[in-house]
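As structure tokens, the structure follows; a few thoughts come after it.
Structure representation (structure tokens):
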């Protein structure tokens, strides 16, 4: 039985353990006040890259 969770990129969970772990994670996230889709890893990457470039060129934010 495979489940789909949009919060984990919509991949299929095959193993029971994996599925349970994901459900637990989602439950925890919802308790914390709703889960944002993994706070856009790309956004974070972009920000970090920008900061690094700013540091190198000596510009202030």
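In our numbering, the protein residues as written are 38 to 98.
The C-beta atom is built at its ideal place from N, Cα and C for all residues, glycine as well.
Model, not experiment: these values are computed from the prediction.
With DSSP run on the structure shown, which of helix, strand or coil describes residue 52?
-> Coil at residue 52, not helix or strand.
Pull up the distance between the alpha-carbon of residue 52 and that of residue 62, whole angstroms please.
-> 16 Å
Determine the extent of the alpha helix (DSSP H) in which residue 78 is found, giving its start and end residues.
-> 78 to 94 is the extent of the alpha helix (DSSP H) around residue 78.
Pick helix, strand or coil for residue 61, following the three-state DSSP scheme.
-> helix
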